[in-house]
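A quick write-up on the structure given underneath.
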Amino acid sequence: MTRKLSPGRLVIASHNAGKVREITELLGPYGMEPVSAGALGLPEPEETGTTFIANAELKALASATASGLPALADDSGLCVSALGGDPGIYSARWAGETKDFSLAMAKIQEALVAAGPDAPRDAHFICALSLAWPDGHVESFEGRVDGSLVWPPRGDKGFGYDPIFVPQGHAITFAEMDPAAKHAMSHRADAFRQLVAAVF
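This is the structure:
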């Protein structure tokens with residue numbers, strides 16, 4: 001049985017400013033008062049899961065338990081077909097300790113070049129959203145958006161791998177898009193629609 005979420009304070013279980021901003025914008029219409037795990041000084045749990053959903057649940061439960069408030073966590077990443085689905089759940093780790101995504105994007109480009117001129121450039125973003133309550137109850141949802149990769153990176157909007165990802169049916173990258181246009185079609189928006197339908 002799906003549990004409904006009442007309006008009020010909700011912890012965004014993330015220390016990633018871009019992700020917190022995007023989720024806060026998506027939550028806007030639902031009477032929630034988002035506060036980030038970073039603002040509450042909550043520790044970042046080690047992501048030991050082997051799937052996006054496992055990691056999202058781990059982060060949501062850690063924040064809900066530590067704060068005594070419901071917590072929403074997102075685990076998302078870029079899966080590149082020619083790289084066997086990498087970086088996948090390791091998308092943030094490819095950016096290193098300093099979270100330098102220009103480094104991570106260059107790493108993907110190098111791997112694609114090494115894979116040969118005929119390597120497909122198709123990729124997809126996955127977003128798992130988990131909503132946890134302090135009593136341990138969790139609801140999880142997974143969204144996806146397909147597209148292809150370009151090089152060099154283009155655009156200065158968005159964050160993470162957005163400058164090299166062109167969603168299917170479009171000619172511009174997520175980082176060149178107006179944020180509202182990205183929100184309408186992104187993997188996060190897809191997972192968010194499912195979450196809203198279930199719990200709000």
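Under full-length UniProt numbering, the residue at position 169 of the sequence shown is numbered 169, and the numbers go up by one with no gaps. Even glycine gets a Cβ: it sits at the ideal position worked out from N, Cα and C. None of these values were measured; they are calculated from a predicted model.
Residue from the options whose Cα sits closest to the Cα of residue i
{"i": "F101", "options": "L72, P163 and G8", "result": "P163"}
{"i": "A198", "options": "A82, D86 and L129", "result": "L129"}
{"i": "D135", "options": "P7, V20 and A60", "result": "A60"}
{"i": "R93", "options": "P34, E46, A64 and H183", "result": "E46"}
{"i": "G31", "options": "A17, Q168 and L5", "result": "L5"}
CB contact flag (residue i, residue j, <8 Å)
{"i": "A191", "j": "F159", "result": "no"}
{"i": "L10", "j": "L69", "result": "yes"}
{"i": "A71", "j": "A13", "result": "yes"}
{"i": "R144", "j": "I126", "result": "yes"}
{"i": "W151", "j": "Q109", "result": "yes"}
{"i": "P34", "j": "L40", "result": "no"}
Exposed unless 16 or more other CB atoms sit within 10 angstroms - verdict on residue i
{"i": "E57", "result": "buried"}
{"i": "E22", "result": "buried"}
{"i": "T50", "result": "exposed"}
Beta-carbon proximity list for residue i, same chain, < 7 Å, skipping 5 on both sides
{"i": "A123", "result": "L78, C79, V80, S81, G147, S148, L149 and F165"}
{"i": "A66", "result": "L42"}
{"i": "D156", "result": "A175"}
{"i": "G88", "result": "G77 and C79"}
Sequence-distant residues of the same chain with beta carbon closer than 6 Å to residue i, five excluded per side
{"i": "M177", "result": "none"}
{"i": "S91", "result": "G77 and L78"}
{"i": "F174", "result": "G158, D162, F165 and K182"}
{"i": "A62", "result": "P45"}
{"i": "H170", "result": "none"}
Whole-Å CB distance - residue i paired with residue j, under 8 Å assumed
{"i": "D74", "j": "R188", "result": "7 Å"}
{"i": "A54", "j": "W133", "result": "That belief does not hold up - the Cβ atoms of A54 and W133 are roughly 18 Å apart, past 8 Å."}
Cut-off 8 Å between Cβ atoms - residues of its own chain near residue i, not counting five sequence neighbours on either side
{"i": "A115", "result": "A82 and L83"}
Contact test: residue i Cβ vs the ligand ATP heavy atom, cutoff 7 Å
{"i": "A95", "result": "As for the ligand ATP, it is missing from this structure, which has no ligand bound."}
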